[in-house]
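Take the sequence shown: its letter number 171 is residue 191 in this note's numbering, and every next letter is one higher.
Don't be surprised by glycine CBs; every beta carbon is placed ideally from N, CA and C.
These figures come from a predicted structure and were not determined experimentally.
Everything on this sheet refers to the single structure shown next.
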Amino acid sequence: MSKAYPMEALLRPPVEFFTAFSAAGAAFVAGVAPWALMMTPSVGTATALVLSVLAVVRIREGWRILRYQRSLRQLPDYRLSVAKTPVSATRLFLGMGFLWTQQHTQRLRDTQRPKVRHYLQQGILYRWARQLESRHEKNSAFKPLFCLFRLNIWCNPFKPLPPVGGKPQIHAVGMTEPTFRTPK
């Protein structure tokens, strides 16, 4: 996916993985059995190297799209203790954020189309866990299970959203949020 074009299509299936897996498979065949592709061993090695680079590039592009789509459903969990607040004599710490441009407006506008609504909804496991919690909240036998559902670790598909409010889409359109400081 080239960054040279002004329009993006981030709310779509990550088709880059098809190219990546095809290139990786062809690289494997070219590297292990170049004779199967009617190549000499040296040409097969060079072809395997080029196809491996293509596979890595396409996997990174596909992963970027998946990361963006996942961030549309999750609010970033940002915590900062008073002791870790950056202090400077010349700059005032404002927090995390990004410079809003036309590209961010377009990304946010894209999230409002009805056809892409499924990218904004929580997953089936998340919805199932919340329904189970609400149905059995008074049953003490399920408390250990609900504690597992609420663990805030990256591999937990059931973890609840952080209690900060707001729309995840507004944070997601920036993709990264650096630290902001202003002159005093």
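Whole-angstrom distance between residue j and residue i, CA atom to CA atom
i	j	result
L57	L171	51 Å
P164	L181	19 Å
T65	G45	14 Å
P61	R32	39 Å
V35	W83	10 Å
S91	K187	11 Å
I173	D97	11 Å
A50	I79	19 Å
A149	N176	11 Å
L86	A40	14 Å
A29	V73	23 Å
Residue i and residue j closer than 7 Å at C-beta
i	j	result
L71	A53	no
F169	F178	yes
Q189	T131	yes
Q142	R93	yes
F118	E197	yes
R111	R201	yes
CA nearest to the CA of residue i, picked from the options
i	options	result
S42	M27, R32, A75 and P33	A75
V102	L95, A109 and G115	G115
L140	T199, A192, E157 and Q123	A192
M27	L128, K104, F37 and M59	L128
Residue i classed as buried or exposed, judged by whether at least 16 other C-beta atoms fall within 10 angstroms
i	result
H138	exposed
V107	exposed
L69	exposed
L145	exposed
Beta strand (DSSP E) segment containing residue i, residue limits
i	result
T199	T199 to P203
G115	R111 to M116
Range of the contiguous alpha helix (DSSP H) that encloses residue i
i	result
Q189	P188 to A192
E157	From DSSP, E157 is part of no alpha helix (DSSP H); its letter is neither H nor E.
P182	From DSSP, P182 is part of no alpha helix (DSSP H); its letter is neither H nor E.
T39	E36 to V52
K163	K163 to F169
L128	Q122 to D130
R87	P61 to S91
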